[in-house]
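Please read the structure below before turning to the comments.
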Amino acid sequence: MATRIIIQHLAGSKVNQVEQFPLEGLTEITVGRDPSSTVAFDPQRDDAVSRRHSVITVHQGERPSFRIADLGSRNGTRVNGEPIAGEIELLPGDIIECGRGGPKFSFDVQPPLPHLLSRTRVVSTTAPTSAAAGATRVLDVTSVESTAVATTPSAITPAKRSVGRETVMGMLASQRQQTNRNWMYILAGVLVLIGAGGASLHFYQKHRAQEAAAAAAAALAQEQEARRQSELKLASATAAVRTDMGISPQEIVRKYGNAVVVIDVHWRAYDKATGKPLYHMTKTVGNEHLPCFVELPNGAILRWLTTEDQNQTNLEVGGAGKGSGFVISDNGFILTNKHVAAGWMTRYGEHEQWGKALLFKIGSAANPRLVDSAAFARTLYSWTPGEAGGVVFRVDRPEPVDGHVHEFESRNDLLEIRFPGSILSISAHLIRYSTVADVAEIKIDTQQTLATVGLAQDDNVKVGEKVTVLGYPAFSTQAIAVIQSAEAG
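Take 893 as the starting number for the sequence shown in the working numbering and just add one per residue.
Pasting the structure below:
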């Protein structure tokens, strides 16, 4: 039978429910109100549970083991009623509580693993009551009575002479008093023996209970010391492995995953003089809308830029896309790429499709030539809308609207971010961007304290070192992507 991890809910909205997870191939069990959590609680009814509350890590191998860690939850995590700090070992039978008075569940492994035992149950060392002693032994006093009676004849042997009635009655009364006195002595002796035996039995049982308690305490101390030494050895070995291999990708995701966001952006370029958006003129040839270019008398070629789009066939001068961002402060500052947050500061040729196009002589809308724009793409590829202006042409013919080069300005019409596992988009605004590197900073307004990614103090990365990429490469549907590389180049 395949080994399974059993989660039995003891309190909360899922009380009396049982969840089972196959041990094979399992690396971790996440606990929280996030719908993507392995053990997901009700977002409304279980409000003591954080979105990402805690995680149970599964260490596979010949002797699987389990550890639990709190993920910075607001109310903390308790194991067997005690709050935990950092990561601790988890054993079958342990009770996990999401905050004091919060949802509670038990952890178990079935079938039981021979090397994993439940925690030692503390046994009561109270001494047994005196009722447990044996019944009082009854003495046989028949022989005593016989002896007493047997001695009577020698004491009252009559003389050969006759004795009066009063003398006989006095002798009988004296004998009766002696017999009663003997019985009192016997009863007192029996009571003394019973008291002495009871006291001896009490002290014997008390001594045995003390010895048993001392032995149990010594065994418990020995077991705790052995476990402590084992944990120290494991921690030392783990630290040595981490020193050799570095932090694992899973630990990186667990620590920094909530600080990684996906960014949606849409920007447009505008004519600064009129405030109108810029368009790249197109003409219809057959079933195609081909971009138009203008050839100057000196042979230079320009894009036919205009501020009109009556037929809604012209191309917007702008761009849209997605990217990754990293929260670098708990009050909402996010680090991303300049080509994501300020796309107009990159080469516009990266956003265009080069191919068939129409080339007009300046001032003449007649007889355009059908050309391949790739032939002159090199001269136009590096145009940057955010740094260089341009000539704005009339919409009806390739003639400048005036004799000046116009200044252009660009801005984000849409700049939003989403956190992992969330469908809610949050508006952001551009703070600044670098003029020498592909780096920009944006900000969101939030009342919550956010998880952050720390910035390195240097860029001392050596060739051949392992690198973990955390973000949204190729904009996959996964919330977090982890890629390792040890390539030299």
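Just so it is clear, CB atoms sit at the ideal spot from N, CA and C, and this is done for glycine as well.
- With hydrogens ignored, establish whether the beta-carbon of Ala1332 is closer than 7 Å to any heavy atom of the ligand GTP. Looking at this structure, you won't find the ligand GTP or any other ligand, since it has none at all.
- Query: Taking Cβ positions, are Ala940 and Gly993 nearer each other than 8 Å?
  - Reply: Sequence index remark: in the sequence shown, residue 940 carries index 48 (1-based). Sequence index remark: in the sequence shown, residue 993 carries index 101 (1-based). Yes; because the gap between Cβ atoms is below 8 Å, this pair is in contact.
- Query: Mind checking Glu1244: buried by the 16 CB within 10 Å criterion, or exposed?
  - Reply: Taking the sequence shown and counting its residues from 1, the one referred to as residue 1244 is at position 352. The residue in question, Glu1244, is buried, as its Cβ has 16 or more Cβ neighbours within 10 Å.
- Query: Are the Cβ atoms of Val840 and Ile897 separated by less than 8 Å?
  - Reply: Missing from the structure shown is residue 840; the chain here goes from 893 to 1381 and no further.
- Message: Taking its Cβ as the centre, do 16 or more other Cβ atoms sit within 10 Å of Asn972, making it buried, or is it exposed?
- Response: As a working mapping, residue 972 is identified with position 80 in the sequence shown. So Asn972 ends up on the exposed side.
- Item | Proximity to Phe999 [Cα-Cα], best of Pro984, Ala1110 and Trp1246 | Reading the sequence shown from its first residue, position 107 is the one you call residue 999. For Phe999, the nearest C-alpha among the options comes from Pro984.
- Query: Rounded to whole angstroms, how far is the Cβ of Ala1161 from the Cβ of Phe1300, which I believe are closer than 8 Å?
  - Reply: Within the sequence shown, residue 1161 is the residue found at index 269, counting from 1. Within the sequence shown, residue 1300 is the residue found at index 408, counting from 1. That pair is a contact at about 5 Å.
- Which of helix, strand or coil does DSSP assign to Phe933? Locating residue 933 in the sequence shown gives position 41, counting from the first residue. Residue state, collapsed to three classes: coil.
- Task: Grab the span of the beta strand (DSSP E) containing Tyr1325 for me, first residue to last.
- Result: As a working note, residue 1325 is residue 433 in the sequence shown. Run containing Tyr1325: Ile1318 to Tyr1325, per the beta strand (DSSP E) assignment.
- Message: So within the segment 938-1026, which uninterrupted alpha helix (DSSP H) runs reach at least 4 residues, ignoring any that extend past its ends?
- Response: Look at the segment 938-1026 and you find no whole run of alpha helix (DSSP H) that is 4 residues long or longer.
- Could you round the C-beta distance between Thr1276 and Met1237 to whole angstroms and report it? I think they count as a contact, below 8 Å. Counting from 1 along the sequence shown, the entry for residue 1276 is found at position 384. Counting from 1 along the sequence shown, the entry for residue 1237 is found at position 345. With a Cβ gap of about 6 Å, Thr1276 and Met1237 count as contacting.
- Task: Assign Glu1187 to one of three DSSP states: helix, strand, or coil.
- Result: Within the sequence shown, numbered from 1, the residue matching residue 1187 stands at position 295. In the three-state reduction of the DSSP assignment, Glu1187 falls in the strand class.
- Item | First and last residue of the uninterrupted alpha helix (DSSP H) at Val1284 | Reading the sequence shown from its first residue, position 392 is the one you call residue 1284. Element bounds for Val1284: n/a, residue is neither H nor E.
- Message: Whole angstroms are fine: how far does the CA of Leu1250 sit from the CA of Arg1261?
- Response: For the purposes of this step, residue 1261 is taken as residue 369 along the sequence shown, with counting starting at 1. For the purposes of this step, residue 1250 is taken as residue 358 along the sequence shown, with counting starting at 1. Approximately 6 Å, taken between the alpha carbons.
- Query: Helix, strand or coil: how does DSSP classify Leu1085 here?
  - Reply: On the sequence shown, residue 1085 is found 193 positions in, with the first residue counted as 1. Correct three-state label for Leu1085: helix.
- Task: Identify whether Ala1129 lies in helix, strand or coil by the three-state DSSP scheme.
- Result: What you label residue 1129 is simply residue 237 of the sequence shown in a count that begins at 1. Helix at Ala1129.
- In the structure shown, what three-state DSSP assignment does Pro1277 receive? On the sequence shown, residue 1277 is found 385 positions in, with the first residue counted as 1. The answer is coil: DSSP assigns Pro1277 none of H, G, I, E or B.
- Task: Can you have a look at Ala1329 and say buried or exposed, based on whether 16 or more other CB atoms are within 10 angstroms of its CB?
- Result: Stepping through the sequence shown from its first residue, residue 1329 is reached at position 437. Per the 10 Å Cβ criterion, exposed.
- Taking Cβ positions, are Gly1224 and Val1157 nearer each other than 8 Å? Within the sequence shown, the letter at position 332 stands for residue 1224. Within the sequence shown, the letter at position 265 stands for residue 1157. Gly1224 is not a Cβ neighbour of Val1157, given a cutoff of 8 Å.
- Task: Reducing DSSP to helix, strand and coil, say where Val1328 ends up.
- Result: Translated into the one-based positions of the sequence shown, residue 1328 becomes position 436. In the three-state scheme derived from DSSP, where H, G and I count as helix and E and B as strand, Val1328 is classed as coil.
- When DSSP labels each residue in this structure, what does Gln912 get in the three-state scheme? Locating residue 912 in the sequence shown gives position 20, counting from the first residue. Looking at Gln912 - three-state DSSP - the assignment turns out to be strand.
- Message: Per the DSSP calculation, Lys1253 is bridged to which residue(s)?
- Response: Counted from its first residue, the sequence shown places residue 1253 at position 361. Per the DSSP secondary-structure output, Lys1253 pairs in a beta bridge with Glu1187.
- Item | Among Ile1315, Thr1360 and Thr1198, the one whose alpha carbon lies nearest that of Val1186 | In the sequence shown, counting from the first residue as 1, residue 1186 sits at position 294. Checked all of Ile1315, Thr1360 and Thr1198; the closest Cα to Val1186 is Thr1198.
- Query: I think Gly1211 touches Trp1246, with their Cβ atoms under 8 Å apart; what is that distance to the nearest whole Å?
  - Reply: Locating residue 1211 in the sequence shown gives position 319, counting from the first residue. Locating residue 1246 in the sequence shown gives position 354, counting from the first residue. Rounded, the Cβ-Cβ distance is 16 Å, inconsistent with contact.
- Message: Looking at the secondary structure, which residues open and close the alpha helix (DSSP H) in which Tyr1148 lies?
- Response: As a working mapping, residue 1148 is identified with position 256 in the sequence shown. Its alpha helix (DSSP H) spans residues Pro1141 to Tyr1148.
- Item | Same chain, Cβ closer than 7 Å to His1321, neighbours up to 5 away in sequence not counted | On the sequence shown, residue 1321 is found 429 positions in, with the first residue counted as 1. Excluding residues up to 5 positions away in sequence, Leu1307, Ile1334 and Lys1335 lie with their Cβ nearer than 7 Å to the Cβ of His1321 in the same chain.
- Message: Counting C-beta neighbours from all protein chains within 10 Å, is the total for Met893 16 or more, i.e. buried, or is it exposed?
- Response: Indexing the sequence shown from 1 puts residue 893 at position 1. By the neighbour-count rule (16 or more Cβ atoms within 10 Å), Met893 is not buried but exposed.
- Query: Residues bridged to Trp1159 by DSSP?
  - Reply: As a working note, residue 1159 is residue 267 in the sequence shown. As a beta-bridge residue in DSSP terms, Trp1159 pairs with Gly1211 and Asn1304.
- Residues near Thr1017 by beta carbon distance below 7 Å, same chain, minus five either side: Taking the sequence shown and counting its residues from 1, one reaches residue 1017 at position 125. At Thr1017, the pLDDT of 45 sits below 50, so the modelled position is not reliable and the matter cannot be decided from this model.
- Buried versus exposed call for Pro995 [16 or more other C-beta atoms within 10 Å across all chains shown]: Here residue 995 refers to the residue found at position 103 of the sequence shown. With 16 or more other Cβ atoms within 10 Å, it is buried.
- So what does DSSP say about Ala1103, is it helix, strand or coil? Within the sequence shown, residue 1103 is the residue found at index 211, counting from 1. First, the residue type needs correcting, since residue 1103 is Glu and not Ala in the sequence shown. Here Glu1103 carries a helix assignment [DSSP, helix/strand/coil].
- Task: Would you give the residue range spanned by the beta strand (DSSP E) that His1263 belongs to?
- Result: Along the sequence shown, read from residue 1 onward, the residue named residue 1263 stands at position 371. Sequence inspection shows Val at residue 1263; the His mentioned does not correspond to that position. Residues Arg1261 to Asp1264.
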